[in-house]
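Okay, structure first, notes after.
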Amino acid sequence: METPLLRYRLTDPIGFSTKLYAVIIVAGGIWLFTLYPLVGVLMILFGIFPLIQYKCLELDLCQGTYCLGVNILGRTVGTREPYPGSKCIFLKKNRSTSSGSHRSWRPTVSTSFDSYLWLEDGTKIPLSCDSNKETVMLRIQPLAQELQTEIKDLTAPLSHI
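If you're matching positions, the sequence shown starts at 4 in our numbering and goes up one per residue.
This is the structure in structure tokens:
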């Protein structure tokens with residue numbers, strides 16, 4: 004039996020410093036509420052927002068649609084598009100070179116592994132990005148199993164779609 008609604012989180016959970024800033028903003032909003040109620044309520048809302056939202060991909064297999072948007076308290080906000088089916092999920096390697104800093108003239112090379120969901124109509128939806136290949140593979144494995152699609156690793160030499 005197919006699962007009617009699949010929700011895949013595209014962003015990492017927020018870090019400790021962001022949570023701390025959000026709590027400070029909420030505390031300031033509560034304090035300001037006694038003096039300026041409107042400003043206090045706005046600060047409380049802005050402080051709570053980072054704690055309850057994340058970017059996600061939602062696939063509704065019953066209605067044949069997908070939504071790439073922001074999830075707020077279990078509700079995904081974004082435009083619904085027809086879901087034509089998936090070809091595969093593929094993983095590719097990106098290398099970026101940045102210029103040297105003031106201390107060193109050597110360029111800095113960083114590598115990231117990006118994963119994409121490739122739909123039948125040619126649309127490519129970015130899923131995950133990390134500097135560690137195993138981390139990306141662990142993140143996309145559940146979605147590949149749910150969609151019953153293969154993962155193509157394009158990071159190996161001489162690999163093509």
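Every residue, glycine too, gets a C-beta built ideally from N, C-alpha and C.
As the structure is a computational prediction, the values presented were derived from the model and not from experiment.
Which residue or residues does DSSP assign as beta-bridge partners of residue i?
i	result
asparagine 74	Tyr57, Thr79
lysine 96	Phe116
isoleucine 154	Ile92
serine 131	Ser118
Assign residue i to one of three DSSP states: helix, strand, or coil.
i	result
tyrosine 24	helix
proline 85	strand
leucine 2	In the structure as shown, the chain starts at 4 and stops at 164, and residue 2 therefore has no counterpart that could be examined.
proline 16	coil
leucine 38	helix
threonine 126	coil
leucine 48	helix
leucine 141	helix
isoleucine 8	It should be pointed out that residue 8 corresponds to leucine in this sequence rather than to isoleucine. Strand at leucine 8.
Is residue i close to chain B, meaning its C-beta is less than 8 angstroms from at least one C-beta of that chain?
i	result
glycine 125	This model lacks chain B altogether, as it is built from one protein chain only.
Buried or exposed, going by whether 16 or more other CB atoms sit within 10 Å of the CB of residue i?
i	result
leucine 146	buried
phenylalanine 93	buried
tyrosine 39	exposed
serine 113	exposed
serine 20	exposed
leucine 120	buried
proline 54	For clarity, residue 54 is leucine in the given sequence; the question names proline instead. Looking at its Cβ environment, which holds fewer than 16 other Cβ atoms inside 10 Å, leucine 54 is exposed.
valine 26	exposed
glycine 18	exposed
asparagine 135	exposed
valine 139	buried
Using 8 angstroms as the Cβ pair cut-off and three pairs as the minimum, do the region 77–97 and the region 39–51 touch?
For the pair of segments examined, the region 77–97 was found not to touch the region 39–51: the number of CB pairs separated by less than 8 angstroms stays below three.
Please confirm if the region 86–96 is in contact with the region 140–160, defined as three or more CB-CB distances below 8 angstroms between the two stretches.
yes
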